[in-house]
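Chains F and Z are the protein sequences, given in the same order.
So the first sequence is residues 41 to 396, counted in the numbering used here.
So the second sequence is residues 9 to 286, counted in the numbering used here.
These notes concern the structure reproduced below.
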Amino acid sequence: MTHPYRGRDDVAFWRRSVADRPWSDVAFLHGGRQALDETTRIATAGSCFASNVLRWLPRLGLRPFFTEVAPSWFTADEARAHGYGEFAARYGNIYTVRQLRQLVEEALGLRPPIEEFDEQSGSVWDLLRPHVRPGGFTSVEEARLDRAYHLHCVERLLRESDVFVFTLGLTEAWVDLRSGVVFPVCPGTVVGRYEPVHHRPVNFDYPSVVDDLSWIVEAVASINPRLQWILTVSPVPLVATHGDDHVVVASSYSKSVLRAACGAIDASHDAVTYFPSYEIIASPQSFGQYLASDLREVTDRGIQHVMRVFERTFVAATASSRAALPELDGPSEPLEREAAVASALAGECDELMNDR
Amino acid sequence: MQNILFVGHSHLLMLIDALSVRAGGSGDVAPSGREMWSDAGVRAFDFDFDLTAGAAARSRSLLLGAFAPPFLRWDRDDVPRIRSRYLCAFDDAERHLDGRVDRVVSCIYGNEHSIFSLTDQEVPFDLVVRTGEAPVVGAPPGERQIIPADVVRRELGRHALPTAFTCEVLRQRFPDASIVHVAPPPPLASAEVIRSDPELFADVIDRFGLAPGPLRRAVHELYLEQLGDLLRQRGVALVPPPSSATEAGGYLREDLRAGATHANRVYGALVLDQVLVP
Numbered sequence: 041m042t043h044p045y046r047g048r049d050d051v052a053f054w055r056r057s058v059a060d061r062p063w064s065d066v067a068f069l070h071g072g073r074q075a076l077d078e079t080t081r082i083a084t085a086g087s088c089f090a091s092n093v094l095r096w097l098p099r100l101g102l103r104p105f106f107t108e109v110a111p112s113w114f115t116a117d118e119a120r121a122h123g124y125g126e127f128a129a130r131y132g133n134i135y136t137v138r139q140l141r142q143l144v145e146e147a148l149g150l151r152p153p154i155e156e157f158d159e160q161s162g163s164v165w166d167l168l169r170p171h172v173r174p175g176g177f178t179s180v181e182e183a184r185l186d187r188a189y190h191l192h193c194v195e196r197l198l199r200e201s202d203v204f205v206f207t208l209g210l211t212e213a214w215v216d217l218r219s220g221v222v223f224p225v226c227p228g229t230v231v232g233r234y235e236p237v238h239h240r241p242v243n244f245d246y247p248s249v250v251d252d253l254s255w256i257v258e259a260v261a262s263i264n265p266r267l268q269w270i271l272t273v274s275p276v277p278l279v280a281t282h283g284d285d286h287v288v289v290a291s292s293y294s295k296s297v298l299r300a301a302c303g304a305i306d307a308s309h310d311a312v313t314y315f316p317s318y319e320i321i322a323s324p325q326s327f328g329q330y331l332a333s334d335l336r337e338v339t340d341r342g343i344q345h346v347m348r349v350f351e352r353t354f355v356a357a358t359a360s361s362r363a364a365l366p367e368l369d370g371p372s373e374p375l376e377r378e379a380a381v382a383s384a385l386a387g388e389c390d391e392l393m394n395d396r
Numbered sequence: 009m010q011n012i013l014f015v016g017h018s019h020l021l022m023l024i025d026a027l028s029v030r031a032g033g034s035g036d037v038a039p040s041g042r043e044m045w046s047d048a049g050v051r052a053f054d055f056d057f058d059l060t061a062g063a064a065a066r067s068r069s070l071l072l073g074a075f076a077p078p079f080l081r082w083d084r085d086d087v088p089r090i091r092s093r094y095l096c097a098f099d100d101a102e103r104h105l106d107g108r109v110d111r112v113v114s115c116i117y118g119n120e121h122s123i124f125s126l127t128d129q130e131v132p133f134d135l136v137v138r139t140g141e142a143p144v145v146g147a148p149p150g151e152r153q154i155i156p157a158d159v160v161r162r163e164l165g166r167h168a169l170p171t172a173f174t175c176e177v178l179r180q181r182f183p184d185a186s187i188v189h190v191a192p193p194p195p196l197a198s199a200e201v202i203r204s205d206p207e208l209f210a211d212v213i214d215r216f217g218l219a220p221g222p223l224r225r226a227v228h229e230l231y232l233e234q235l236g237d238l239l240r241q242r243g244v245a246l247v248p249p250p251s252s253a254t255e256a257g258g259y260l261r262e263d264l265r266a267g268a269t270h271a272n273r274v275y276g277a278l279v280l281d282q283v284l285v286p
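What follows is the structure in structure tokens.
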């Protein structure tokens, strides 16, 4: 008797590919759609979890692509303090798909540059990039010019990248009702002032996330048809919800919407591949082994697992000079521990401000 | 009699020729800048002249070649010591000046700001120097990277440290003398004039292009701010560029130039008017 399941690969079967093997051996993806090597220009963006991807790329023999770089005479601390090196350009954390769409619209000249600047005590803050200038800009004009240069770099990034790894973080956000601009964090939590009349919470639903993602992929394809997308969903739950549900329930909704949207876009766009970092970390079958003591953050061991699967899936065998990833069964051993700790402390997720 | 010791690199050339004129000479005494580019030694020039009617001055100028090593070396025990060639030169100068140095005029180094700003950076930049001011270059939005002025100040301060440190050595060696440091001349406005005599910068100018005049001017100003602060901390006064030596915008008058980044003996005479006080 024949049926459609006969002859399928083992990975299609729970018993064969999950039940009888260690979690670290589960083959989440087999056969990547592209072979990344040291010549591939890889851009990254997304939520706090996304910055982990960028940090690991050199260890895999890959080259993160930066279009907005600090001058060589900046100290490392200065570069970090001014938002350089965290992502491909100085956009900081991009938590929602709508936020990325906004940025792409600006960069491609499809909307005027967004000038959400707040002036306080003589300093001017870019509410869409609260961490790019310690102490704020000296004037609106300076903030405007900095943003204009940044958008020029983003346009170049979209035009010249080979691969764009985007980590989707949240569906919840705050919007200015007057302009429709979506902020990375609620004004007043990091910088700016919360104005209840103008600032409203929004929770993007499945149709709007799919629509935004689809728009982004197609808009960028119009200037860079060869760009390949790798979408992931951050497994890190919400710090706080602005809705009425328990934060666990709100997180579940958010991640479900994002995961479903990624699946839809992966299925409908050849240039898109979904990478299951969410499943690796958050599946119940992982027994929470990669959760930190707050049951929210991901341990370095978890990130190692994710990047090992990433390597197996996407990295060409010829990618050279990479340090071997530590064995998962060994003790958690983040490379460059001091730098990693310092970086984690310095690059604290804006979303954490929602709980202060 | 006032005994004055001048010490410096290429920016001392203008003072040597100006001193020569003061002393009744031709004003054509100093070697050329080009000659000093490959020099590693110390040359001495002596001039006696009148400060004012009835007040005389004796001077020695110690001209250091571009490759002359720093004043200090670290011995095997990591103790900083003045190199023997400078010990000898200072001792000899002091003997020439009747055993007493009343004033030290430093023209040490002086092109650090040019190294930073004569040509555009790999990624051309702009900055706002003070709150409320317009950007220095004012290029169309998106063309230039916006750099915080504080970071530029920090970097220029780093460039100024060797000068400040060297003046501190002079302070230690001549504790009873008043010490002043002559600010390098302001930049020239005209790109054409700079390119006509680019000194050692021809290759980098060709490769990276000249930075816009306003940026070169702003960096010079910021450099003098940082240098002045560092010198003040060490009890050394900074002698600013003579106000009559600049044209509109604060650039060096073209008739006072010597090459792309130096000034001539006429400028040197204006500086001497500032430093040679009875």
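Cβ atoms here follow ideal geometry from the backbone N, Cα and C, with glycine treated the same way.
Residues that residue i contacts on chain Z, provided the C-beta gap is smaller than 9 Å
i, result
"residue 186/F", "153, 154"
"residue 111/F", "129, 130, 131, 133, 153, 155, 159, 163"
"residue 192/F", "149, 150, 151"
beta-carbon residue i near the ligand NAP non-hydrogen atom, thresh 7 Å
i, result
"residue 326/F", "Here there are no bound small molecules, and the ligand NAP is not part of this structure."
Pairwise C-alpha distance: residue j and residue i
i, j, result
"residue 214/F", "residue 207/F", "19 Å"
"residue 156/Z", "residue 72/Z", "35 Å"
"residue 239/Z", "residue 248/Z", "13 Å"
"residue 268/F", "residue 313/F", "8 Å"
"residue 274/Z", "residue 190/Z", "15 Å"
"residue 101/Z", "residue 226/Z", "37 Å"
"residue 99/F", "residue 195/Z", "46 Å"
"residue 188/F", "residue 153/F", "7 Å"
"residue 99/Z", "residue 108/Z", "10 Å"
"residue 372/F", "residue 78/Z", "Any answer about residue 372/F is weak, because its pLDDT of 39 lies below 50 and its placement is not dependable; what the coordinates show is given next. Cα to Cα, the separation comes out at about 49 Å."
"residue 43/Z", "residue 204/Z", "18 Å"
"residue 383/F", "residue 149/F", "Low confidence applies here, because residue 383/F scores a pLDDT of 48, under 50, leaving its location unreliable and the question unanswered by this model."
"residue 387/F", "residue 88/Z", "The predicted model places residue 387/F with a pLDDT of 46, which falls under 50 and marks its position as unreliable, so this point remains unresolved."
"residue 375/F", "residue 94/F", "Low confidence applies here, because residue 375/F scores a pLDDT of 39, under 50, leaving its location unreliable and the question unanswered by this model."
"residue 19/Z", "residue 213/Z", "21 Å"
"residue 143/Z", "residue 270/F", "39 Å"
"residue 108/F", "residue 210/F", "25 Å"
"residue 222/Z", "residue 176/F", "24 Å"
Bounding residues of the beta strand (DSSP E) (the contiguous stretch that carries residue i)
i, result
"residue 154/F", "That residue, residue 154/F, is in no beta strand (DSSP E); it is neither H nor E in DSSP."
"residue 81/Z", "80-82"
"residue 66/Z", "63-72"
"residue 186/Z", "186-190"
"residue 124/F", "Neither: residue 124/F is in no beta strand (DSSP E) and is coded neither H nor E."
"residue 270/F", "268-273"
"residue 86/F", "81-86"
Neighbouring residues, chain F, relative to residue i (Cβ below 8 Å)
i, result
"residue 142/Z", "181"
Cβ-Cβ distance between residue i and residue j below 8 Å
i, j, result
"residue 257/F", "residue 305/F", "yes"
"residue 253/Z", "residue 126/Z", "no"
"residue 105/F", "residue 81/F", "yes"
"residue 118/Z", "residue 228/Z", "no"
"residue 143/F", "residue 131/F", "yes"
"residue 179/F", "residue 194/F", "no"
"residue 284/Z", "residue 193/Z", "no"
"residue 212/F", "residue 294/F", "yes"
"residue 281/F", "residue 273/F", "no"
"residue 161/Z", "residue 241/Z", "no"
Residue i: contacting residues in chain Z (beta-carbon distance under 8 Å)
i, result
"residue 131/F", "Under the 8 Å cutoff, chain Z gives no residues; its nearest Cβ is about 15 Å from residue 131/F."
"residue 189/F", "149, 150, 151, 152, 153, 154"
"residue 118/F", "159, 162"
Bounding residues of the alpha helix (DSSP H) (the contiguous stretch that carries residue i)
i, result
"residue 52/F", "First-last for residue 52/F: undefined, no H or E at that position."
"residue 165/F", "From DSSP, residue 165/F is part of no alpha helix (DSSP H) but of the beta strand (DSSP E) over 163-166."
"residue 6/Z", "No information on residue 6/Z is available, as it lies outside the stretch 9 to 286 that chain Z covers here."
"residue 214/F", "Careful: residue 214/F lies outside any alpha helix (DSSP H), inside the beta strand (DSSP E) at 212-216."
"residue 293/F", "287-308"
Interface residues of chain F facing residue i [CB-CB closer than 7 Å]
i, result
"residue 136/Z", "178, 179, 182"
"residue 139/Z", "162, 178, 179"
Residue i: contacting residues in chain Z (beta-carbon distance under 7 Å)
i, result
"residue 114/F", "159"
CB contact check: residue i to chain A, cutoff 8 Å
i, result
"residue 151/Z", "The displayed structure is made up of protein chains F and Z, and chain A is not among them."
Under 7 Å, CB to CB, which of the residues in the region 162-175 of chain F have a partner in chain Z? Of all residues in the region 162-175 of chain F, only 162, 173 place a beta-carbon less than 7 Å from a beta-carbon of chain Z.
Just by C-beta distance, which residues in the region 123-155 of chain F are closer than 7 Å to chain Z? Hits within the stretch: zero.
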